[in-house]
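I have placed the structure first, in the form of structure tokens, so that the comments after it can refer back to it.
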Amino acid sequence: MHDLRDLSRVVWVLAAGRLVSSASAFLMLFLVLYLTGPRGLGVVPAGVVAGSNGVGALLGNLTGGRFGDRHGHRRVLLLAASVVGVLTALIPWQPVWLLAMTMPVTGYLGAVASLGQGALAALAVPAGSRRSSVAVSRAASNAGFVIGPPVGALLATHGYDTLFVVDGVLTLVLRHVTSRFLPDEAPVAREPDAPAGLWRAVRADRSLLLLLPGVVLVDLVYRQLYSTLPLYLRDHGQPLALYTLLVAIGSALILALEIPVAIWPGTAPRFPSSRPDTPSWQSGSSSSD
44 MHDLRDLSRV
54 VWVLAAGRLV
64 SSASAFLMLF
74 LVLYLTGPRG
84 LGVVPAGVVA
94 GSNGVGALLG
104 NLTGGRFGDR
114 HGHRRVLLLA
124 ASVVGVLTAL
134 IPWQPVWLLA
144 MTMPVTGYLG
154 AVASLGQGAL
164 AALAVPAGSR
174 RSSVAVSRAA
184 SNAGFVIGPP
194 VGALLATHGY
204 DTLFVVDGVL
214 TLVLRHVTSR
224 FLPDEAPVAR
234 EPDAPAGLWR
244 AVRADRSLLL
254 LLPGVVLVDL
264 VYRQLYSTLP
274 LYLRDHGQPL
284 ALYTLLVAIG
294 SALILALEIP
304 VAIWPGTAPR
314 FPSSRPDTPS
324 WQSGSSSSD
């Protein structure tokens, strides 16, 4: 636990931001239910619209890190969060055809903002403490997902529109508050011997090649929690509170187990680590969430 006490203020500010943003991340939790409910879409069209958000997030994770490297992670984080907040708050007033266009943008910029958060947290600590920094950030995120789903179920009694307005407004408020504590940083300079381009960098990292297929498979199953599960429960007459309770319980289990595993002596990953000063444009991102 000594490592946690040594973490910088920036790490704790970003962790607090993740706690609040995860607790108010109602878009991911309720989008499919909203589209198939108040918006009257069938499951397939709703899946396409919601899936476009995921496609945007995927592309953002692959390519979004380069923006922070070139223009500064703080600046990119604040800009991306601002646009995401506005687009999310305006969801109730967007026609379906416009949602199909803005959802990929929201997903992309949300991923870019998340990468910026991770990069700032990593840059705020020495290389040897970055595992603790990531553990704190993820713990804060999961703590938010313990709190957020029940709160979302309560707000949903006033209508889904309320959920998205609250989500967007809190994103904008959080952006304003955290901007006062985030340091400016210089753009990352490319190392002379660094691989040129995204895919060359990926191929050069064998541990990453082993990890990526597993991440894709796990995430494919995990995402059913926010699409298939809520529809299944609703179609079988179960209350919305049951869905949100299951999400909260799952996040609580992760919260209880992840930090001890991350900081426990002897649990460092066996894969060779990448150089700590490798700029994020090489792999498309600065951190993983």
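The numbering of the sequence shown is the numbering used here, which starts it at 44 and goes up by one.
Glycine included, every Cβ here is placed at the ideal spot set by N, Cα and C.
- Apart from sequence neighbours up to five positions away, the residues of its chain that approach T287 with a beta-carbon distance below 8 Å are L72, P192, P193, G195 and A196, ordered along the chain.
- Within the segment 260-288, the complete alpha helix (DSSP H) segments at least 4 residues long are 271-278, listed from N- to C-terminus.
- Buried is the label assigned to M146, since at least 16 other Cβ atoms lie within 10 Å of its Cβ.
- Straight-line spacing of the CA atoms in G280 and I190 works out to 24 Å.
- Out of A299, L152 and S176, the CA that lies nearest to the CA of S95 is found in L152.
- Ranking G90, R61 and G83 by CA distance to the CA of S270 puts G90 first.
- Around the beta carbon of A58, 16 or more other beta carbons sit within 10 angstroms, so the residue counts as buried.
- Around the Cβ of G60, a 10 Å sphere holds 16 or more other Cβ atoms; the residue is buried.
- Under the Cβ criterion (8 Å, minimum of three pairs), the segment 127-135 counts as touching the segment 214-223.
- Approximately 11 Å separates the beta-carbon atoms of S222 and L122; this is outside 8 Å, ruling out the contact.
- By the Cβ rule, the segment 157-165 counts as touching the segment 107-119, because three or more pairs are nearer than 8 Å.
- Burial of S175 is indicated by the presence of at least 16 other C-beta atoms within 10 angstroms of its C-beta.
- DSSP places G85 outside both helix and strand once states are collapsed to three, so it counts as coil.
- Remark: C-beta atoms of S67 and F188 do not approach each other more closely than 8 Å.
- A check of alpha carbon separations from P138 across V92, G257 and S250 identifies V92 as the nearest.
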